[in-house]
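S.K.: Quick one: the structure is below, and I'll ask about it shortly.
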């Protein structure tokens with residue numbers, strides 16, 4: 001899914017709802033949820049932790065950049081400016097702004113992105129576009145690989161990830177031309193410290209010692225609890241039921257069916273058959289009354 005700004009809205013009124021990356025859509029389809037964070041924490045505490053999360057000393061003292069879309073002019077500009085300010089950057093894919101091209105790490109398969117990120121101390125997690133709630137897998141990949149994410153993208157990314165586990169490039173995005181140079185200076189200094197200073201780097205890893213339910217003071221769990229253990233298809237079905245059934249409604253915040261018409265139990269064929277007959281008759285009556 002790409003950023004909403006790339007799509008028109010002229011046909012939106014033809015549909016009962018929307019399903020995309022935005023939390024504001026009827027049935028949000030996020031790139032990741034609480035199950036992904038649970039898996040990262042379990043791997044960190046598991047027997048393969050040292051292989052999946054190499055230490056500071058085992059990582060290349062540089063920031064890594066991986067991208068297939070080379071048309072991100074602003075992110076290319078930021079990479080060039082950081083490089084000019086002394087930040088060592090290794091671009092290991094097709095896009096290499098500012099002569100930052102390097103070879104793919106020998107320790108990882110060419111198709112293993114997380115394996116490549118594990119070789120570095122910092123990861124440039126730069127989205128293709130800067131829009132509210134446009135938070136893709138780039139935002140979580142650095143966390144999953146133990147590389148400090150330098151994030152450029154959605155202004156509200158801290159609603160989706162551990163707020164103390166990444167470096168934000170937001171000040172650079174928000175600054176005007178006059179203030180941008182100083183914002184880039186400050187950002188470059190933060191990134192260099194994360195690359196060069198072990199204590200600084202480890203500070204970004206402290207979130208992994210907390211229970212999932214306490215990340216961001218519990219806000220991460222509270223906001224995204226509806227993503228835990230429930231896939232998109234289940235929520236699509238819930239919304240369809242709420243839309244088709246008289247007396248039912250859609251609770252967007254909880255992503256649940258609300259109202260006085262709960263669905264029949266799973267496997268109760270007779271009840272579901274009766275529901276189909278009832279809703280079909282209801283739609284026919286509504287159509288006839290509107291004719």
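Numbering (UniProt numbering), first residue to last: 1 to 291.
Even glycine gets a Cβ: it sits at the ideal position worked out from N, Cα and C.
#1: Alpha carbon to alpha carbon, how far is residue 110 from residue 136? Give it in angstroms, no decimals.
#2: Should residue 99 go down as buried or exposed, given a rule of 16 or more other Cβ atoms within 10 Å for buried?
#3: Let's see if you can read the secondary structure: which residues bound the alpha helix (DSSP H) around residue 235?
#4: On the DSSP letters alone, give me the boundaries of the alpha helix (DSSP H) that residue 37 sits inside.
#5: Compute the distance between the beta-carbons of residue 81 and residue 184, then report whether it is under 9 Å.
#6: Roughly how many angstroms separate the alpha carbons of residue 103 and residue 119, rounded to a whole number?
#7: Exposed or buried, which one is residue 33 when buried takes at least 16 other CB atoms within 10 Å?
#8: Check the C-beta distance from residue 187 over to residue 172 and give it rounded, since I have them as a contact under 8 Å.
#9: Run through the DSSP bridge pairs and tell me what residue 259 is partnered with.
#10: Hey, quick one: how far does the alpha helix (DSSP H) through residue 84 stretch, first residue to last?
#11: When the distance is taken between beta carbons, is residue 126 closer than 9 Å to residue 169?
#12: Give the DSSP-derived three-state secondary structure of residue 311 in the structure shown.
#13: Quick one: give me the first and last residue of the alpha helix (DSSP H) that residue 143 is part of.
M.R.: According to the structure data:
#1: If you number the chain shown from 1, residue 136 lands on position 136. If you number the chain shown from 1, residue 110 lands on position 110. If I take the Cα positions, the gap works out to 21 Å.
#2: Position 99 of the chain shown, counted from the first residue, corresponds to residue 99. Counting Cβ neighbours within 10 Å, residue 99 comes out exposed, since fewer than 16 surround it.
#3: Residue numbering aside, residue 235 sits at position 235 when the chain shown is read from its first letter. 232 to 244 is the span of the alpha helix (DSSP H), which, as asked, contains residue 235.
#4: The sequence position of residue 37 within the chain shown is 37, counting from 1. Residue 37 -> alpha helix (DSSP H) spans 34 to 44.
#5: By 1-based counting over the chain shown, the position of residue 81 is 81. By 1-based counting over the chain shown, the position of residue 184 is 184. In contact: residue 81 and residue 184 (Cβ atoms closer than 9 Å).
#6: Taking the first residue of the chain shown as position 1, residue 103 is located at position 103. Taking the first residue of the chain shown as position 1, residue 119 is located at position 119. The alpha-carbon atoms of residue 103 and residue 119 are separated by roughly 12 Å.
#7: Taking the chain shown and counting its residues from 1, the one referred to as residue 33 is at position 33. Classification of residue 33: buried, given that the 10 Å Cβ count is 16 or more.
#8: For this step, residue 187 is matched to residue 187 along the chain shown. For this step, residue 172 is matched to residue 172 along the chain shown. Rounded, the Cβ-Cβ distance is 6 Å, consistent with contact.
#9: As a first step, residue 259 must be located in the chain shown, where it is residue number 259. Residue 259 pairs with 248.
#10: In the chain shown, the residue the question calls residue 84 occupies position 84. Its alpha helix (DSSP H) spans residues 73 to 84.
#11: Locating residue 169 in the chain shown gives position 169, counting from the first residue. Locating residue 126 in the chain shown gives position 126, counting from the first residue. Closer than 9 Å, so yes.
#12: One cannot answer for residue 311 here, as it falls past the ends of the chain, which runs 1 to 291.
#13: Here residue 143 is taken as the residue at index 143 of the chain shown, counted from 1. It spans 138 to 145 - the alpha helix (DSSP H) in which residue 143 sits, taken as one unbroken run.
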